[in-house]
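One point on numbering: in numbering that gives the first Met the number 0, the residue at position 94 of the sequence shown is 93, and numbering is uninterrupted. Beta carbons are placed, not taken as given, at the ideal position from N, Cα and C, and that holds for glycine.
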Amino acid sequence: MNEYPEFDVVEITRKIGVNMLNSAEITSQEAAWYLLREPMSKCSTVVTSIPTMWPCDRQRIRKTQKELDAIGVGEDSTNIWKENWFDKYERRHEDLENITLAQFVANYTVKADDGLANGAVGKLVHLEFNDEGDVNVVWLDFPDSQKIGQKIKKKVAGHVASHQISTIAVPIGRRSATIPHNNNKTINVKRSHLPLVCACETTIHKSQGSTYAEIVYEYDKTHQLSLVYVALTRVTGLQGWYITTKDNDKTFYHGRRASTAINSLQEEFRRLSLNRLQTTTNDLLDFINQRRGLAMYTFNCQSLRAHPIDLIDPIMQKSNVLLLNETWLANEESISIPNFNCIIQYKRSNVRAGGVAIYQNMHDTINIITQTLI
0 MNEYPEFDVV
10 EITRKIGVNM
20 LNSAEITSQE
30 AAWYLLREPM
40 SKCSTVVTSI
50 PTMWPCDRQR
60 IRKTQKELDA
70 IGVGEDSTNI
80 WKENWFDKYE
90 RRHEDLENIT
100 LAQFVANYTV
110 KADDGLANGA
120 VGKLVHLEFN
130 DEGDVNVVWL
140 DFPDSQKIGQ
150 KIKKKVAGHV
160 ASHQISTIAV
170 PIGRRSATIP
180 HNNNKTINVK
190 RSHLPLVCAC
200 ETTIHKSQGS
210 TYAEIVYEYD
220 KTHQLSLVYV
230 ALTRVTGLQG
240 WYITTKDNDK
250 TFYHGRRAST
260 AINSLQEEFR
270 RLSLNRLQTT
280 TNDLLDFINQ
290 RRGLAMYTFN
300 CQSLRAHPID
310 LIDPIMQKSN
320 VLLLNETWLA
330 NEESISIPNF
340 NCIIQYKRSN
350 VRAGGVAIYQ
360 NMHDTINIIT
370 QTLI
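Structure, rendered in structure tokens:
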């Protein structure tokens, strides 16, 4: 208030709000969605912030002393700041000259997993060995999910063609990790391994959330009902559904009697079925069905053009005649209502609102004497 005495509270509040919006940071996924209208699944899985404030207000992060020593920076050097997205954008390749900053940030960082996730099951099609004879790269085929490894497939297309590897195979290379052996982290062990396990079989619990074209389930009558449900719903079709037993017993024991765990639920369903909820719609339908008189349905449309779907309900379908007002339709316009014929409609030409119409049920045998509105 003291800094801007010419502004009132409303103006100052608005100015603060505008400054907050101008200084906010958005992630690369948000930029792709709000600015580019691209799905977030096609962008980097790494959250990247884009500073949108003015350059003079941006804060730069200084490199660590370890990083400065590694590159041999002198005392008078200006190369002491970490790169931000603006620096990377300015140094982009000439092929990316015409893309915007939002497009650059949204697609610059390669998606980390490329569709590969824990639990993905593939078929081994090729192995590559290093000079010591150890397996260095494993090539897997994922026939049930062609989206896996789309980016890496493009990068290794030349290698695949020269070594005659399947074009739909995905390479899985070795990963290394440093594991501390004690609490002080003075003893570390470096592990190099392939992030794969044999998928010839798996537990039912671990298969939750996955689907397979074919499954072989070793059924046992001691399995819990929920366990049987999970096992039998992992397959995508009955053609790939195989059930075996240890002693070749072909009897399916589950579902023969109610489980104690769901007895209370079944009892509640039974109680609800005996206590039928009587709605206003049911009362009106009973009133129409129990009488042989003429059922007439009146309705204030307030634009029949905008509400024809609202007239599709059980009570209207049981009515013989529809009497509609406030249709807002010109005399030359016509609106179709399912199972009804328009008998007459009228609206004065010198008013915007108003208008009436009469519709007759197609299955009704009422004889219309005149089609003239007085």
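{"Asked": "Residue environment, residue 160, which counts as buried when at least 16 other CB atoms sit within 10 Å", "Found": "exposed"}
{"Asked": "Cβ contact (3+ pairs, closer than 8 Å) linking the region 184-193 and the region 142-160", "Found": "no"}
{"Asked": "Endpoints, beta strand (DSSP E) assigned at residue 172", "Found": "168-172"}
{"Asked": "Same chain, Cβ closer than 7 Å to residue 297, neighbours up to 5 away in sequence not counted", "Found": "322"}
{"Asked": "Start and end residues, beta strand (DSSP E) containing residue 447", "Found": "Absent from the model: residue 447. The displayed extent of the chain is 0 to 373, so no value can be given."}
{"Asked": "Collapsed DSSP secondary structure at residue 288 in the structure displayed", "Found": "helix"}
{"Asked": "Residue 300 versus residue 337: straight-line alpha-carbon distance, rounded", "Found": "16 Å"}
{"Asked": "Beta-carbon proximity of residue 203 to residue 226, cut-off 8 Å", "Found": "yes"}
{"Asked": "Strand pairing of residue 199, partner residues [DSSP]", "Found": "For residue 199, which the question treats as bridged, DSSP gives no partner whatsoever."}
{"Asked": "DSSP bridge partner residues for residue 375 (one or two, in chain order)", "Found": "Because the chain in this structure spans residues 0 to 373, residue 375 falls outside the shown range and cannot be described."}
{"Asked": "Limits of the alpha helix (DSSP H) - the one that residue 231 falls within", "Found": "224-231"}
{"Asked": "Euclidean distance between Cα positions of residue 229 and residue 247", "Found": "22 Å"}
{"Asked": "DSSP three-state assignment for residue 262, whether helix, strand or coil", "Found": "helix"}
{"Asked": "Close-in-space but distant-in-sequence residues of the same chain around residue 284 (CB under 7 Å, 5 per side omitted)", "Found": "313, 314, 317"}
{"Asked": "Cutoff 8 Å: residue 355 Cβ touching any chain D Cβ", "Found": "In the displayed structure, chain D is absent; only one protein chain is listed."}
{"Asked": "Close-in-space but distant-in-sequence residues of the same chain around residue 164 (CB under 8 Å, 5 per side omitted)", "Found": "124, 125, 138, 158"}
{"Asked": "Residue 244 versus residue 218: straight-line alpha-carbon distance, rounded", "Found": "5 Å"}
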